[in-house]
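Here is the structure we will look at, set down as structure tokens.
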Amino acid sequence: MVADLEAWEKKAGFKVGPGDAVLLNTGRWVRRAREGTWHGGYPGFHASTVPWFKARDVAVVGTDGGLDVYPSGVPNSGAPVHTLVLAALGMPILDVMDLTEVSEAAAERKRWTFLLTAAPIRVPNGTGSAINAIATF
286 MVADLEAWEK KAGFKVGPGD AVLLNTGRWV RRAREGTWHG GYPGFHASTV PWFKARDVAV
346 VGTDGGLDVY PSGVPNSGAP VHTLVLAALG MPILDVMDLT EVSEAAAERK RWTFLLTAAP
406 IRVPNGTGSA INAIATF
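In terms of the numbering used here, the sequence shown is numbered consecutively and its last residue is 422.
Below is the structure:
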């Protein structure tokens, strides 16, 4: 939710702005290692965050899951954030990232900003590819 993003900004002492990437570590991989695979609801961005991303001119969004909170709360749409970010904002998304180590490194440094480098594999006529994202503090 937008209130959660803005609470994080206040806590981190940082305001998201033009060209920034917003990455959400939900703890998916830690939970999976502890509990195994699960089915049902999972955390992510709510549809109400899309206008916030637009207003802040965010360049990239990503999560350790599938981007959207599930269930989405939007009738007849399981992934409204995914759809709107790609189609309405033309923004690349980074799905199913493992953000565990970068989250730990950021917490150790008490620094929540870093240079994100993520080069996709060239796939002719492709719409996505694997990446090896690198955080440089």
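C-beta: ideal position from N, C-alpha, C; glycine also.
Can you have a look at residue i and say buried or exposed, based on whether 16 or more other CB atoms are within 10 angstroms of its CB?
| i | result |
| --- | --- |
| residue 366 | buried |
| residue 390 | exposed |
| residue 313 | buried |
| residue 310 | buried |
| residue 425 | Outside the modelled stretch of the chain, which goes from 286 to 422, sits residue 425, for which no answer is possible. |
| residue 298 | exposed |
| residue 422 | exposed |
| residue 289 | exposed |
| residue 347 | buried |
| residue 318 | exposed |
Give me the DSSP bridge partner(s) of residue i.
| i | result |
| --- | --- |
| residue 287 | BP columns for residue 287 are empty, so no partner. |
| residue 262 | Past the boundaries of the shown model lies residue 262; the chain is included only from 286 to 422, so the question cannot be answered. |
| residue 378 | 346 |
| residue 362 | 359 |
| residue 307 | 346 |
Taking the alpha carbon of residue i as the reference point, which residue from the options has its own alpha carbon closest?
| i | options | result |
| --- | --- | --- |
| residue 334 | 308, 406, 323 | 308 |
| residue 418 | 411, 381, 325 | 381 |
| residue 341 | 318, 322, 376 | 376 |
| residue 345 | 324, 294, 370 | 370 |
| residue 363 | 410, 326, 379 | 326 |
| residue 315 | 338, 349, 360, 358 | 349 |
Report yes if the C-beta of residue i is less than 7 Å from at least one heavy atom of the ligand ADP; otherwise report no.
| i | result |
| --- | --- |
| residue 365 | Among the components of this structure there are no ligands whatsoever, and the ligand ADP is therefore not found. |
#### Entry: beta strand (DSSP E) runs contained entirely in the region 319-355, provided each spans 3 or more residues
345-348
#### Entry: the region 354-361 in contact with the region 379-390 per 3-pair CB rule at 8 Å
Contact fails: fewer than three Cβ-Cβ distances are below 8 Å.
#### Entry: Inter-stretch contact at 8 Å, needing at least 3 Cβ pairs: the region 321-341 / the region 399-411
no
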